[in-house]
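Each residue of the sequence shown is one higher than the one before, starting from -5 at the first, in the working numbering. Ideal placement from N, C-alpha and C gives every residue a C-beta, glycine not left out. To keep things clear, I will list the structure first and then write my remarks on it.
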Amino acid sequence: IIENVGLNPTRTGFIEIMKLMGGKIKTTINNQTTSSEKIGSISITSSKLKGIKVPKDLITSAIDELPLVFLAGACAEGSTIIKHAEELRYKESDRISSMIKVLNTFAIRTKEFHDGAIINGGIITGGIIDSFGDHRIAMTALVASCVSEQPIIVENCENIDTSFPTFKKMMNLIGMNIRKY
C-alpha cells in the first residue's frame, strides 16, 4: 500500500490505464486534502497485463506517465496502441521517439506514429540506454530493470533530481540496485 498519494482525477489517467490493462489496483480517497487536492492510498497486487488501445480521453490525464505506459505495453501480452499523444513530442525530449529507441534497445518490437505508437509485448532484455536528457525517460528505463533479464545502464540520468530527488533512494529501498556507474 502506498499512502498519501495525490488522487486528483485530472492526474490519475495512468492508474485508469493500468486497470484497463488488467492491473489490480485499488484506490481509497482519504477525507483529508492537500491544497484542495484529494489524497489517499493505492493498493497494488501483481497482475498479468494485456495490451489495449489506450482511450483518447485518458491521454491528457496520463501525459507525463505515458513513458510508463509504453513500458507496461512492452511487458503486456499482445499489443498496446497509444494514439492522440503528439504532445509527447514537445516535452524535455521527443518522448515518443525516445521511448521507441529505449524499447527497441530492449528488443521490443514497436511501430512509431506521429502521435503515438504500437508496442508489442515481449521480454525486456536489458542494455545501455540514453535518457535523452529527459528525467521521465531515465526513470522509466530504470524501472524497466525490475522486469529485465539483464542489467540496464541508463546514461545521463542526473536530471532525475529535478523532479524526484529521492527517486534512487526510494527505488533502492524496494529492492532495486541503482548506483552511479
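- Contact check for isoleucine 168 and isoleucine 146: beta-carbon distance about 16 Å, past the 8 Å limit, so the pair fails to qualify.
- Residues Ser41 of the same chain have their beta carbon placed closer than 6 Å to that of glycine 17, with the five preceding and five following residues left out of the count.
- Annotation for threonine 99: Gly121 and Ile123 place their beta carbon closer than 7 Å to its own, counting only its chain and skipping 5 residues before and after.
- Your pair isoleucine -5 and serine 35 checks out as a contact, with CB atoms roughly 5 Å apart and the cut at 8 Å.
- By the CB criterion at 8 Å, valine 141 and isoleucine 118 fall inside the cutoff.
- Excluding the 5 residues flanking it on each side, glutamine 26 has same chain C-beta neighbours closer than 8 Å at Ile33, in chain order.
- In this structure the stretch 53 to 67 touches the stretch 3 to 10; the number of beta carbon pairs closer than 8 Å is three or more.
- Look at glycine 127 here: in three-state DSSP terms it is coil, with no helix or strand label.
- At a cut-off of 3 residues, the continuous stretches assigned as beta strand (DSSP E) that sit fully inside the stretch 76 to 114 are 104 to 107 and 110 to 114.
- Relative to glutamate 152, the option among Lys50, Met165 and Met133 whose CA is nearest is Met133.
- Residue burial is scored here from C-beta neighbours: isoleucine 23 has fewer than 16 other C-beta atoms within 10 angstroms and is therefore classed as exposed.
- Here lysine 77 is not near aspartate 51, since their CB atoms are 8 Å or more apart.
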